[in-house]
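Working notes for the structure below.
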Amino acid sequence: MATLDQLKENESGIILNISDEQLAVQLLAMGFILGEQVRLERVAPLHDPIIVSSGTNYLSIRKNEAKLIEIDTTN
Amino acid sequence: MSATINNPLNVLLVGNPNTGKSTLFNALTGLHQKVGNFPGVTVDKKSGSFKLNETIVEVIDLPGTYNLTPNSEDEKVTEQFIRKANNEDVIVVVADVTNLKRNLLLLTQIVDLGKKVVLVLNMMDLLQKNNQEINVAKLASLIGIQVIPLNAQLGKGVGELKLAVLKATKGSIHFIDENNSDGAVDETMKRYQKINQIVDQCLTLKGEDKNVGLTRKIDNIITHKYYGYLIFLSLMLIIFQAIFSWSSYPMELIENGFLFVGEWLENTLPPGLLNDLVVNGIVAGLSGVFVFVPQIAILFAFIIILEDTGYMSRVSFLMDRILRQFGLNGKSIIPLLSSTACAVPAIMSTRTITNFKERLITIMVAPLISCSARIPVYTLLIALVIPKDKTIGFFNLQGLLMMGLYLIGFLAALAAAWVMKMLIQSKERSSFIMEMPIYRMPRWKNVGLSIFSKVKVFLLDAGKIIVAISIILWVLSSYAPTGKFEQIEAKYAHVETDNYLSQNKTDDNLSQENIDDIQSKIAAEKLEASYAGIIGKTIEPLIQPIGFDWKIGISLVTSFAAREVFVGTMATLYSVGDEDNTSSIREKMMMAKNTKTGEKLYTLATTLSLLIFYAFAMQCMATLAVVYRETKSYKWPLIQLVYMGVLAYASSFIVYHLFS
Chain C
22 MATLDQLKEN ESGIILNISD EQLAVQLLAM GFILGEQVRL ERVAPLHDPI
72 IVSSGTNYLS IRKNEAKLIE IDTTN
Chain H
635 MSATINNPLN VLLVGNPNTG KSTLFNALTG LHQKVGNFPG VTVDKKSGSF
685 KLNETIVEVI DLPGTYNLTP NSEDEKVTEQ FIRKANNEDV IVVVADVTNL
735 KRNLLLLTQI VDLGKKVVLV LNMMDLLQKN NQEINVAKLA SLIGIQVIPL
785 NAQLGKGVGE LKLAVLKATK GSIHFIDENN SDGAVDETMK RYQKINQIVD
835 QCLTLKGEDK NVGLTRKIDN IITHKYYGYL IFLSLMLIIF QAIFSWSSYP
885 MELIENGFLF VGEWLENTLP PGLLNDLVVN GIVAGLSGVF VFVPQIAILF
935 AFIIILEDTG YMSRVSFLMD RILRQFGLNG KSIIPLLSST ACAVPAIMST
985 RTITNFKERL ITIMVAPLIS CSARIPVYTL LIALVIPKDK TIGFFNLQGL
1035 LMMGLYLIGF LAALAAAWVM KMLIQSKERS SFIMEMPIYR MPRWKNVGLS
1085 IFSKVKVFLL DAGKIIVAIS IILWVLSSYA PTGKFEQIEA KYAHVETDNY
1135 LSQNKTDDNL SQENIDDIQS KIAAEKLEAS YAGIIGKTIE PLIQPIGFDW
1185 KIGISLVTSF AAREVFVGTM ATLYSVGDED NTSSIREKMM MAKNTKTGEK
1235 LYTLATTLSL LIFYAFAMQC MATLAVVYRE TKSYKWPLIQ LVYMGVLAYA
1285 SSFIVYHLFS
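In the order they appear, the protein sequences are chains C and H.
Heads up: the first sequence begins at 22 in the working numbering, then just goes up one per residue.
Heads up: the second sequence begins at 635 in the working numbering, then just goes up one per residue.
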């Protein structure tokens, strides 16, 4: 299963599941909804954290948190 | 109307961060606002009022939140206020209409709580720019509440919102049943399904948000691996240069204005005790506060603009990896940079940091960052040892030294953080989930209002303390244990008589100088014998190793409550005995002599030692109070007071001996 931290800059996928409930509730409220597209916008100069986007929502997240977000990258 | 003056209608302003909530708050209340006890953007309860049809409406601006499941102390405040709202209270949910789905999540939760709600669709102009359309009437009827389209920046729709608040209703639908047993994730997904159904009926999508593309381009530069840090450092350098070069002219104006007023009062008021108190106590103290308004306003302006444009979030993003090594969080950069203005709002803004250990460390080290209250002290002391127009290449040397002091404060904060990271144990998860808002131009009216309210708070809070301490100090330095002053006068009485006798024989000018000299000697001895002198003398043995004399000792005691009092104290101490009151504090201090050795008192060693002491010592009651409030314990402010005190003393000791 691919996770969000494995994407490279400007790659995207579909959010399938967020395996931590607290994180899931927080991300859902910030507009990162299951079944919608997520894109890795930027990796910080020191390789962590990363900026990800979904629609017009932009947020930064650490790689160890992004690891908990399962995505589908088949298209 | 049910609401009266005694029992006003309460309106709670809530919404996601960056929805223009604060702009709307300003548009609703204008200058009729108060900012809790302390300054701060939206870190604390901010309230104001407006009047409509004989009804007084109290508006409370609450910290931004995404839902009713708080992740931080900040969001907890909002959640508590929403849950405690009674049947009469109206909750105004401010939504960014260009990001409607996410913004409606909070609304569905509030509607389900059965509260009276009004929905504001903000940023309508951007929606039109994106070629989108929204059917407001339909949205209102689907949820069963008032919906007001608005452009807070232009003030469009504010009048309609005021009217809507008076006839606010509860929602007519339930998004989730009360006895729903789903987990939090499923519940949120169900809410989104309902939101999607509603939004699909009301919003017609035609284009894509153009701002996103621009934001990507700007991010390419601002978060670039080299340029990113370079831009940040350059910005800091520009800010410090600006604080010095832009403020020098208005500061001179204010300084001269107060000298003029002081002289005028001295000549107008009948001579005597009151005259002396007003001129040398109050006016001298007030001048010491007002003169720093330009610098503080410039500093606040930069910080507010950096936050408003979205730049500050990117700095957090750049710094997270580095700050993590020191037990801090990327989010700590906002409190740490705000600390350059004032530690009090900075410490309150740590509420956005979810991990307690990281938040605590941020709170503990933030006061080591030089705040605006140190600016007066630094400015005065730097001017004593470095000429105003001395430059190294392009840079003003005074500005460079000032920047060096800020840098030392920042490095000390990092070092202290690292030590605390090693000492404090915690198993709580560390997180850095932070919205990166789309870049936009600063909203100048907001910037102006924020600067205004911060300067006002500085003048009122600091001014009150400074005037009070100036008066106490004047009393302490104008009175002595019985008989002391008389002894001094008696000691010099014969000298004056001798002089008077010799005056007939010699040149008039010379003897006039002699008399002046004697008078200032009398004044100096009187000050030394006064109660203030006794206090200073008592602690002198303790501070002598770091190069301070008893006069500085008095200033240390008085500025324990607030650092900026140092300048007022110096003004008062050096005004006592200056009958003509014509020279500024700086000139007086430059001429000050060590009472024992007769050499210049403010040597490079003493001045640098004093600068370092003020950079590190915890001399701010307001900060200690807010640390107590935020950590809910006496332990942390006490530890802070002690560790900063020890650090200050030790560093001053080293600096003094290095340079003397």
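In this text, a Cβ means the ideal position worked out from N, Cα and C, and glycines have one as well.
As the structure is a prediction and not an experimental result, all values here were calculated from the model.
Within 7 angstroms of the CB of C:Leu55, the CB atoms of chain H belong to Met823, in sequence order along the chain. Taking the beta carbon of C:Val46 as reference, the chain H residues within 8 angstroms of it are Asn701, Thr703, Ala818, Val819, Thr822, listed in sequence order.
In this structure, DSSP gives H:Met1068 an extended state, which the three-state scheme calls strand. Its chain contains Tyr1165, Ala1166 as the residues whose beta carbon lies nearer than 6 angstroms to that of H:Leu1110, once the 5 sequence neighbours on both sides are disregarded; these appear in chain order. Around the beta carbon of H:Ala1114, 16 or more other beta carbons sit within 10 angstroms, so the residue counts as buried.
H:Phe951 is not a Cβ neighbour of H:Ala1051, given a cutoff of 7 angstroms. The C-beta of H:Val1280 has fewer than 16 other C-beta atoms within 10 Å across all chains shown, which makes the residue exposed.
Put simply, the CB of C:Ser75 is far from chain H, with every gap to its CB atoms at 7 angstroms or more.
Rounded to whole angstroms, the Cβ separation of H:Val724 and H:Val645 is 5 angstroms, and the two are in contact under 8 angstroms. Contact between the region 976-988 of chain H and the region 1250-1261 of chain H is established, with three or more Cβ pairs separated by less than 8 angstroms.
Inclusion of H:Glu1198 and H:Pro1001 in the CB contact set at 7 angstroms is not warranted, their separation being larger than that value. Our two residues, C:His68 and C:Arg83, have alpha carbons roughly 10 angstroms apart in a direct line. In the three-state DSSP reduction, H:Thr1265 falls in the helix class (H, G or I). Within the model, the alpha-carbon separation for H:Lys1269 versus H:Leu1041 is close to 28 angstroms. Neighbours of H:Phe1066 in chain C, taken as residues at a C-beta separation under 8 angstroms, are given in chain order as Pro70, Ser81, Ile82, Arg83, Glu86. Looking at the DSSP output, H:Cys1254 sits in a beta bridge with H:Ala1196. With a cut-off of 8 angstroms on Cβ pairs, the region 70-87 of chain C is not in contact with the region 757-766 of chain H, counting fewer than three such pairs. Contact annotation: H:Gly1027 and H:Phe874 have beta-carbon atoms that are not nearer than 7 angstroms. In the three-state DSSP reduction, H:Asn901 falls in the helix class (H, G or I). Of all residues in the region 941-965 of chain H, the ones placed with a Cβ closer than 8 angstroms to any Cβ belonging to chain C are Ser947, Ser950, Phe951, Leu952, Asp954, Arg955, Ile956, Gly964, in chain order.
For H:Thr857, the nearest CB of chain C lies under 7 angstroms from its own CB, placing it at the interface with that chain.
Taking 7 angstroms as the CB threshold, C:Arg63 lines the interface with chain H. Taking 3 residues as the minimum length, the beta strand (DSSP E) runs contained wholly in the region 721-788 of chain H are 724-730, 750-756, 780-783, in order along the chain. Assignment of H:Arg993 by DSSP, reduced to helix, strand and coil, places it in the helix class. Using a Cβ-Cβ cut-off of 9 angstroms, C:Glu32 is close to nothing in chain H; its nearest Cβ partner there is about 14 angstroms away.
Under the three-pair Cβ rule at 8 angstroms, the region 732-742 of chain H counts as touching the region 645-654 of chain H. Close CB contacts of H:Ala935 within its chain, under the 6 angstroms cut and outside five residues either way in sequence, are with Ile1085 (chain order). Chain C places a beta carbon closer than 7 angstroms to that of H:Asn733, counting this residue as a contact.
Beyond the five residues adjoining it in sequence on each side, H:Gly791 comes within less than 7 angstroms, by CB distance, of Ile782, Pro783, Leu784, Asn785 in the same chain, given in chain order. Going by DSSP, H:Thr657 is part of the alpha helix (DSSP H) stretching over 655-663.
With a contact defined as Cβ atoms closer than 8 angstroms, H:Leu696 and H:Leu647 qualify at about 6 angstroms. In the structure shown, H:Glu941 falls within a helical segment according to DSSP collapsed to helix, strand and coil. DSSP places H:Gly649 inside the beta strand (DSSP E), whose first and last residues are 643-649.
If you draw a 10 Å sphere on the C-beta of H:Gln1253, you find 16 or more other C-beta atoms in it, and that means buried.
Put simply, the CB of C:Leu49 is near chain H, with a gap under 7 angstroms to one of its CB atoms. For H:Ile1072, the C-beta contacts it makes with chain C under 9 angstroms involve Thr77, Tyr79, in order along the chain.
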